[in-house]
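Let me begin by presenting the structure, written as structure tokens, before commenting on it.
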Ligand SMILES: Nc1ncnc2c1ncn2[C@@H]1O[C@H](COP(=O)(O)OP(=O)(O)O)[C@@H](O)[C@H]1O
Ligand SMILES: [Mg+2]
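Chains as they are written, first to last, in the numbering used here: chain A, 1343 to 1593; chain B, 119 to 396.
Spelled out as structure tokens, the structure:
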């Protein structure tokens, strides 16, 4: 089933156009990797999927993004409501400072109106289990989130995003600041998440894209050059630019 | 060549020594004042000093209990007024403060910092005291106005240190911007924010001029907040210029208490800054 449909999406920073006429469709429970040289608009694109792009001063979006049958850019749609249904994990692990591990995961639930301790406890545990972090932190839930290692912090951020059970999770180079072991853990995790959520992941690591994704989109200079099954893209790219990029003869 | 480099090196040594001397000399006033106040004031501090009000001229004994309580009350009241007000301004400047309005606001706050405290006193005298009389309220207002810009600017600077991607993580969770600020950014900086507040408190604790025009002073305990109220700095001032040896001695005791208070606040601040809240 189609979960996300992007139609004629354009994005600007002031007068600079960062995305041009992007059209693509994402099926439910797919992992889609976005690749392309740095500055080509991958981050801008994912930030359009949860209406975060417009928070940058001077930034603007045109076009449509249909999420679960609803155009999130239709007039009158509240961006805050959109964001509750779309989780996001950033490049740099960013647990909330001065907040405990438990509270980092609980904060989104509390916002959604959950206040019963037993329900919170259960959902926090569930999210941490799904983020493959529970075993490491169950004894130290009261410690600050920032006291964890980089890889654990990133999994905490994944748990924070998962807690409210969004159908979509956006990941913007989630492992580029991590060591190989933490990276492997997160890649494994993405495979498990796939059964329940749709993942859009930006990566500059070609092997990672090949390992974790079902579909791959190649961006260049703000345009979507090629989009298709990952296997196809990596073995028989239709476009010469794609081939040059994946074989490393390019940026 | 060799002589030149020798000369260069000795000039270097000379300049370094001079700078070092300057550094050492900068610490001299602090140690000298501390030693002096300690020596003069320590003997005066007694149970009586902390529990009695001043006695009349020429009599012996008495204390500064009313001044200590008065200072405490006015500082607390000034905090209640000045801290939320200053923090609100600081939060606005840091989180929404773009464009011309914010620049103008920032500039006025900076100018307010440089308004001499006696002028703040006269101002409160003109707009409050003339109508309602001398009171702890008026004194606290003057102190709050002095605290306001300090708290506002320190709040702004501290909140700006929170990386943008932390705010974005909050937004991405579906928190409205104001909740991101109040629920994530502000609590995340609480130790540093507390530091700024305490430094503002230390700064106004010793203010004398604005209190002369507003709280005036009182030989006794004030019975309510709308009466003239004693404060440590004003009482130190009055006792010190009284011409009676006993009262002058009390002034040294008061000075020691004041220095000690400010000193403790500074130490606490350091401790807070050094502490790992994260
Ligand atoms: N805040 C910003 N202001 C102006 N231009 C920006 C901003 N962020 C990104 N850009 C520009 O938009 C383009 C796309 O950036 P981005 O989406 O971050 O690329 P990628 O994630 O693929 O590296 C780049 O040319 C970049 O310089
Ligand atoms: Mg990027």
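C-beta: ideal position from N, C-alpha, C; glycine also.
- Not one beta carbon of chain A lies nearer than 7 Å to the beta carbon of residue 220 of chain B.
- DSSP links residue 1367 of chain A through a beta bridge to A/1347.
- The beta carbon of residue 1434 of chain A sits closer than 6 Å to the beta carbons of 1519 from its chain, once the five residues preceding and following it are set aside; these are given in chain order.
- Judged by beta-carbon spacing, residue 332 of chain B lies within the 7 Å limit of residue 239 of chain B, meaning their Cβ atoms are closer than that value.
- The DSSP assignment places 1443-1453, 1459-1472 and 1476-1479 as complete runs of the alpha helix (DSSP H) inside the region 1426-1499 of chain A, in order along the chain (cut-off: 4 residues).
- Within chain B, the C-beta atoms nearer than 9 Å to that of residue 1449 of chain A come from 288, 291, 293, 301 and 302, in chain order.
- DSSP, read as helix, strand or coil, puts residue 1414 of chain A in coil.
- Only 280, 281, 283, 284, 286, 287 and 288 from the region 272-288 of chain B bring a Cβ to less than 8 Å from some Cβ of chain A.
- Taken from the Cβ of residue 1538 of chain A, every heavy atom of ligand 2 lies 6 Å or farther away.
- Under the three-state reduction of DSSP, residue 1548 of chain A is assigned to helix.
- About 4 Å separates the beta carbons of residue 1428 of chain A and residue 1392 of chain A, which is inside the 8 Å limit, making them a contact pair.
- Within a 10 Å sphere around the beta-carbon of residue 157 of chain B sit fewer than 16 other beta-carbons, which makes this residue exposed.
- Identification of residues in the region 238-260 of chain B having a C-beta nearer than 9 Å to some C-beta of chain A yields an empty set.
- Counting C-beta pairs with one atom in each stretch, the region 233-248 of chain B and the region 335-352 of chain B have fewer than three that are closer than 8 Å, which means they do not touch.
- Contact annotation: residue 1568 of chain A and residue 1581 of chain A have beta-carbon atoms nearer than 7 Å.
- With respect to residue 318 of chain B, residue 269 of chain B sits close: the two C-beta atoms are nearer than 7 Å.
- At a threshold of 6 Å, residue 1517 of chain A does not count as near ligand 1, since its beta carbon sits no closer than that to any of the ligand's heavy atoms.
- The DSSP assignment places no complete beta strand (DSSP E) segment of no fewer than 3 residues inside the region 349-376 of chain B.
- Per DSSP, residue 228 of chain B is one residue of the alpha helix (DSSP H) stretching across 217-232.
- Boundaries of the alpha helix (DSSP H) harbouring residue 1527 of chain A: 1522-1535, taken from the DSSP string.
- Counting along the chain, no beta strand (DSSP E) covers residue 268 of chain B; the unbroken alpha helix (DSSP H) around it starts and ends at 254-278.
- Residue 290 of chain B is positioned such that its CB atom lies no closer than 7 Å to that of residue 192 of chain B.
- For the pair residue 187 of chain B and residue 377 of chain B, the CB atoms are not nearer than the 7 Å cut-off.
- By the criterion of at least three beta-carbon pairs nearer than 8 Å, the region 1350-1360 of chain A is in contact with the region 1402-1409 of chain A.
- Residue 359 of chain B and residue 283 of chain B have their C-alpha atoms spaced approximately 58 Å apart.
- For residue 312 of chain B, no beta strand (DSSP E) segment is defined; the enclosing uninterrupted segment is the alpha helix (DSSP H) at 308-323.
- Secondary structure of residue 1503 of chain A (DSSP, three-state): helix.
- A heavy atom of ligand 1 is found nearer than 6 Å to the CB of residue 1386 of chain A.
- Under the 8 Å Cβ criterion, the region 159-168 of chain B does not count as touching the region 310-327 of chain B, having fewer than three qualifying pairs.
- With a 10 Å radius around the Cβ and a threshold of 16 neighbouring Cβ atoms, residue 206 of chain B comes out exposed.
- Using a cutoff of 6 Å, the CB of residue 342 of chain B does not count as near ligand 1, since none of the ligand's heavy atoms is closer than that.
- Counting along the chain, no alpha helix (DSSP H) covers residue 341 of chain B, and no H or E run does either.
- From the beta-carbon of residue 1397 of chain A, the residues of chain B found nearer than 9 Å are 285, 286, 289 and 295.
- Not a single heavy atom of ligand 1 lies less than 6 Å from the C-beta of residue 1405 of chain A.
- Neighbours of residue 216 of chain B in chain A, taken as residues at a C-beta separation under 8 Å, are given in chain order as 1399.
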